[in-house]
Amino acid sequence: MHENSNQFTKSQLTILVLLRVVIGYHFLFLGLEKFFNPDWTSAGFLLQSNGLFADFYHSVVENANKLAMVDLCNIWGQILIGVGLIAGLFARTASFAGALILLLYYSAIPPFLSGNLFIDGNLIELLALLILALFPTSQLIGLDYFIHKARKS
1208 MHENSNQFTK SQLTILVLLR VVIGYHFLFL GLEKFFNPDW TSAGFLLQSN GLFADFYHSV
1268 VENANKLAMV DLCNIWGQIL IGVGLIAGLF ARTASFAGAL ILLLYYSAIP PFLSGNLFID
1328 GNLIELLALL ILALFPTSQL IGLDYFIHKA RKS
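Here you go:
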């Protein structure tokens, strides 16, 4: 990136947009997969929790209303984050929201408690989302371009 500007080189912009779209697709696919599976629930995942917050995650499963809310937020969160990243619409917010969801997954089942030291796919994708939030491209390529343009005028 050039100093003191929002300009990326062509290759930087290409890779960052590609990363944004690929992660967006991943979130959208996972959300739609859950949405179209009437039997899906986060209960199994939450019951496997073995981290510092295991008691909290287990308590969610014990309360049907809390579990329904977590399931709803998980499904629609993944879908909306995916759409936002793919379309470049509120992409910075979507990046932070995606990082937050992945942090929750990471805290539920930390890799170091399952023999994987500290790094797993959730952590890698979380860090990639933070990169996208810090180096936003959607104001250049995405629907955020039009929002940014309207705010300037």
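1208 is the number of the first residue of the sequence shown in the working numbering; add one for each residue after it.
Each residue gets a CB set at the ideal place from its N, CA and C atoms; glycine is no exception.
| Check | Outcome |
| --- | --- |
| Inter-stretch contact at 8 Å, needing at least 3 Cβ pairs: the segment 1228-1239 / the segment 1283-1299 | yes |
| Cβ pair Asp1351, Gly1295 closer than 9 Å | yes |
| Supposed close pair Leu1309, Leu1333 - CB separation, criterion 8 Å | 4 Å |
| Under 9 Å between C-beta atoms of Leu1225 and Thr1248 | no |
| Beta-carbon proximity list for Gln1346, same chain, < 7 Å, skipping 5 on both sides | Tyr1352 and His1355 |
| Simplified DSSP assignment, three categories, for Ser1360 | coil |
| Gly1328: CB within 8 Å of a non-hydrogen atom of the ligand FMN | Only the bare structure without any ligand can be found here, which leaves the ligand FMN out of the picture. |
| Nearest-angstrom beta carbon gap, Leu1259 and Ser1218 [assumed within contact, 8 Å] | Contact doesn't hold; Cβ gap of about 41 Å is too wide. |
| Alpha carbon of Ala1335 to alpha carbon of Leu1220, nearest angstrom | 14 Å |
| Sequence-distant residues of its chain with Cβ nearer than 6 Å to Ser1302 (five each side left out) | Leu1336, Leu1339 and Ala1340 |
| Rounded C-alpha distance that separates Gly1305 from Asp1327 | 16 Å |
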